[in-house]
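To start, the structure itself, in structure tokens.
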Amino acid sequence: MKLVIVESPSKAKTIGKYLGQGYRVLASGGHVCDLPEKRLGIDVENHFEPEYVISDDKQRVIANLKSTVKNSQQVFLATDPDREGEAISWHLQNVLSLPDDEIRIEFNEISKKAVLNALTKPRKINRNLVDAQQARRVLDRIVGYKISPVISRKIKKGLSAGRVQSAALRMVVDREREIRAFKPEEYWTLHALFKGKHPFKALFADVDGKKFKIPNKAALDKLLTQIDGKPYIVDEVKRSVQKVMPMPPFTTSTLQQDATTKFSMSAPQVMQIAQQLYEGFEIEGEGHVALVTYIRTDSVRVADDAVWAAKRHIVDKYGAEFYPKFPNKFAVKAQAQDAHEAIRPISLEKDPESLKTKLSRNHYLVYKLIYDRFVASQMAPAQYDTLKVHLNAVGDSHKFGFKVQGRTLKFAGFTAAYADFRSHGNEDDGEESTLLPSLNEGDVLDFKELKYEQKFTKPPQRYTESSLIKAMEENGIGRPSTYASIISVIAKRAYTEKEGKNLKATELGETVCDAIVKYFPDIMDLKFTAKMEKELDDVEEGRKWQDLIEEFYPGFINEVKNAFHDGSVQPKKEEEVSDVRCEKCGAMMVVKEGRYGKFLACPNYPTCKNILSANAEKAGTCPICGKDVLKKHSKSGKLFYGCSGYPSCKFASWDPPAPYLCPKCKSTMIIKKSKGTTKYVCTSCKYEEEK
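Residue numbers (the working numbering): 231 to 921.
What follows is the structure in structure tokens.
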């Protein structure tokens with residue numbers, strides 16, 4: 231028997247289906263070794279040699295793998311085809327005492343063809359890839375382990391910070407401060423409306439051919455006086471055919487950006503769903519199937535066989551005219567590693583619509599997005615007939631210019647497969663697509679009226695998860711596999727919070743950011759962080775990873791020492807006193823900020839430990855005492871429902887409570903919703919009532 235070791239049980243099940251008898255496929259459950267939790271675990275004096283330990287939760291896994299290895303003729307390590315996967319294989323090789331032979335196999339997709347082909351091309355473990363992962367792990371441990379005590383001492387106990395997360399936090403904080411410092415400026419827009427079979431409007435743009443912005447009402451009134459009663463004559467008509475090229479297939483970054491924008495999912499949610507689509511899962515009538523290629527990539531490259539499969543699909547479904555004369559090629563970004571091809575469906579025969587009823591809604595949406603984007607990327611450009619018109623209100627001594635643009639679809643091209651291919655533009659530009667009448671230079675237009683509106687310049691928008699990922703990628707902060715976790719970590723630490731889709735820096739986040747900028751300026755410098763990322767990538771090309779750490783460490787450790795010698799601490803903000811009186815001791819409660827937002831605490835702590843949720847959302851009536859039930863969060867962040875009368879009433883439930891007790895056994899009933907129906911279900915005797 232031959233043994234294949236992968237990371238996840240889902241991946242093991244998918245691969246096992248393709249290999250059949252003669253093979254056994256087991257999962258390691260991810261990393262089996264890591265640095266110790268409660269100490270640095272790095273020998274600074276010995277070239278930063280890391281100390282790896284087997285994780286407590288992996289002891290049984292390793293024991294099982296060792297037993298299976300003894301009874302196996304051959305062992306293959308088939309972890310993911312990236313740095314993390316290579317490091318997992320290296321640790322497995324060490325803890326399982328596997329030979330330094332060609333035991334590593336990799337594939338970009340989990341299909342029968344790819345897996346069987348990989349088994350014919352085993353190789354040795356790539357130490358450069360391992361070292362690249364090891365360098366990041368060691369550097370991140372050093373930075374996090376040394377910075378966290380500093381900010382805990384300077385601000386408050388229990389705070390922590392990391393290398394890349396701190397740079398991302400600075401981006402959010404800087405944007406927040408840009409917004410606060412922004413001074414809105416007044417301006418006015420002016421449109422001329424015209425009659426006819428196809429009425430249209432044109433935006434005021436210039437005076438005598440020079441751009442003119444209307445700064446205030448006085449300037450508008452003067453302009454209106456000059457224009458009043460003047461004829462409107464077409465000055466210039468430009469007709470052209472505009473080609474719009476398809477966008478490349480998804481990378482990790484662009485998938486997260488598009489999916490978080492279109493589907494209101496978080497970046498970690500998108501990555502979790504995409505990971506499942508890559509590893510495979512049970513699909514009715516299909517068995518255990520993987521649907522997409524490897525999801526951690528910064529490349530837009532596509533394998534040749536996938537290009538030709540796309541051509542056949544496009545010609546068959548849409549027609550030969552929808553395929554370009556030559557296959558589309560997309561430029562690879564300068565900083566891209568280009569180690570794996572773009573994210574695409576494994577088989578175009580697995581149409582999203584044919585799987586719609588077999589997939590969860592979110593799996594269907596993400597799969598369809600990947601599928602449609604890939605197909606569109608291989609199609610011909612869309613073509614539009616465009617018409618740009620400039621017209622003048624001809625005054626006695628000046629010409630007052632207006633502009634309008636019309637665009638009609640001439641050939642759908644790739645938009646036949648991917649219609650929703652870009653976000654909406656700024657409506658104030660006056661050049662939105664309009665159906666225009668036939669116009670020629672010199673035409674006198676049938677004027678209807680002028681419309682004007684006061685506006686103000688807007689501050690920069692707060693980052694969304696999508697735009698922060700884009701900004702991190704553009705600035706070289708982090709790598710495709712880390713974007714989602716970076717956003718998740720700074721939110722979990724309560725350094726950022728969400729307002730709708732927007733990310734906002736919390737007061738704590740700004741305080742932490744300022745402290746790290748003060749004591750560790752390089753860590754918070756985006757250019758330095760990007761340079762460090764590039765140098766870490768160089769390890770993959772053969773640079774010694776210890777050299778990189780040794781260059782960084784002396785200056786950094788001096789900053790740590792200086793920070794501890796500096797006796798200053800961040801000034802504590804004066805506590806905000808609420809209008810709520812403590813029901814236990816009568817003191818006016820104060821507003822505190824925790825991991826899950828603001829809460830009210832008794833100022834007499836620890837003598838009085840009473841706390842209340844601030845602005846807690848009511849979720850029903852307590853079935854025991856009749857007081858309000860509030861939505862709360864456990865220490866781990868999980869949502870639960872608790873009585874506002876706590877601790878007098880100790881009612882709590884993971885599910886929203888029904889407003890009364892079970893009529894049969896007088897136990898608590900909870901509300902369950904499924905497929906449009908609502909039921910009250912007893913937690914003891916399982917009595918049910920449909921509502």
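Cβ coordinates follow ideal geometry from the N, Cα and C atoms, glycine included.
These numbers were taken from a predicted model, which means no experiment stands behind them.
Within 10 angstroms of its Cβ, does residue i collect 16 or more other Cβ (buried), or is it exposed?
| i | result |
| --- | --- |
| Glu466 | exposed |
| Thr587 | exposed |
| Lys343 | exposed |
| Lys916 | exposed |
| Gly462 | According to the sequence displayed, residue 462 carries Tyr and not Gly. Under this definition Tyr462 is a buried residue. |
| Asp361 | buried |
| Val810 | exposed |
| Cys815 | exposed |
| His570 | buried |
| Asp546 | exposed |
| Ala398 | buried |
| Ile787 | exposed |
| Met762 | buried |
| Arg603 | buried |
| Ser396 | buried |
| Pro690 | exposed |
| Met231 | exposed |
| Ser607 | buried |
Given this structure, state the Cα-to-Cα distance separating residue i from residue j, to the nearest angstrom.
| i | j | result |
| --- | --- | --- |
| Glu679 | Asn622 | 15 Å |
| Arg773 | Ile753 | 22 Å |
| Ser238 | Ile841 | 42 Å |
| Ser808 | Ala831 | 10 Å |
| Asn670 | His628 | 22 Å |
| Leu521 | Gly730 | 32 Å |
| Met401 | Pro445 | 32 Å |
| Ser285 | His321 | 12 Å |
| Val634 | Asp676 | 15 Å |
| Thr687 | Pro414 | 5 Å |
| Arg313 | Ile381 | 31 Å |
| Lys764 | Phe758 | 10 Å |
| Lys443 | Trp418 | 8 Å |
| Arg405 | Ala701 | 12 Å |
| Asp858 | Lys921 | 21 Å |
| Val236 | Lys909 | 42 Å |
| Leu766 | Gly315 | 17 Å |
| Gly426 | Leu599 | 42 Å |
| Phe337 | Thr298 | 23 Å |
| Ala432 | His543 | 43 Å |
| Leu589 | Asp673 | 58 Å |
| Glu919 | Val911 | 7 Å |
Looking at the structure shown, is residue i part of a helix, part of a strand, or coil, going by DSSP?
| i | result |
| --- | --- |
| Glu765 | helix |
| Gln487 | helix |
| Lys822 | strand |
| Ser904 | strand |
| Ser285 | coil |
| Gln472 | strand |
| Ala308 | coil |
| Val530 | coil |
| Ser914 | coil |
| Pro280 | strand |
| Leu295 | helix |
| Val810 | strand |
| Tyr375 | helix |
| Val234 | strand |
| Tyr876 | coil |
| Ala257 | strand |
| Ile970 | As displayed, the chain neither begins before 231 nor continues past 921, which places residue 970 out of reach and without an answer. |
| Asp407 | The displayed chain sequence assigns Arg, not Asp, to residue 407. Here Arg407 sits in helix by DSSP. |
| Glu662 | Unreliable positioning characterises Glu662 in this predicted model, as indicated by a pLDDT of 49, which lies under 50. A coordinate reading is not provided. |
Under the DSSP definition of a beta bridge, which residues are partnered with residue i?
| i | result |
| --- | --- |
| Tyr835 | Tyr835 pairs with nothing; no bridge assigned. |
| Ile340 | According to DSSP, Ile340 bridges with nothing at all. |
| Trp418 | Ile444 and Gln684 |
| Thr898 | Per DSSP, none; premise fails for Thr898. |
| Pro575 | Val522 |
| Tyr871 | Lys861 and Ser883 |
| Cys263 | Ile284 |
| Thr851 | Asp858 |
Suppose only complete runs of 3+ residues qualify. What are the beta strand (DSSP E) ranges in the segment 426-469, listed by chain order? 430-437
Can you check the segment 714-754 for any alpha helix (DSSP H) of at least 4 residues that lies completely inside it and give the ranges in chain order? 737-749
Can you list the beta strand (DSSP E) stretches of 3 or more residues lying completely in the segment 584-657, in chain order? Given a length threshold of 3 residues, each whole run of the beta strand (DSSP E) inside the segment 584-657 is given here in chain order: 612-624 and 629-641.
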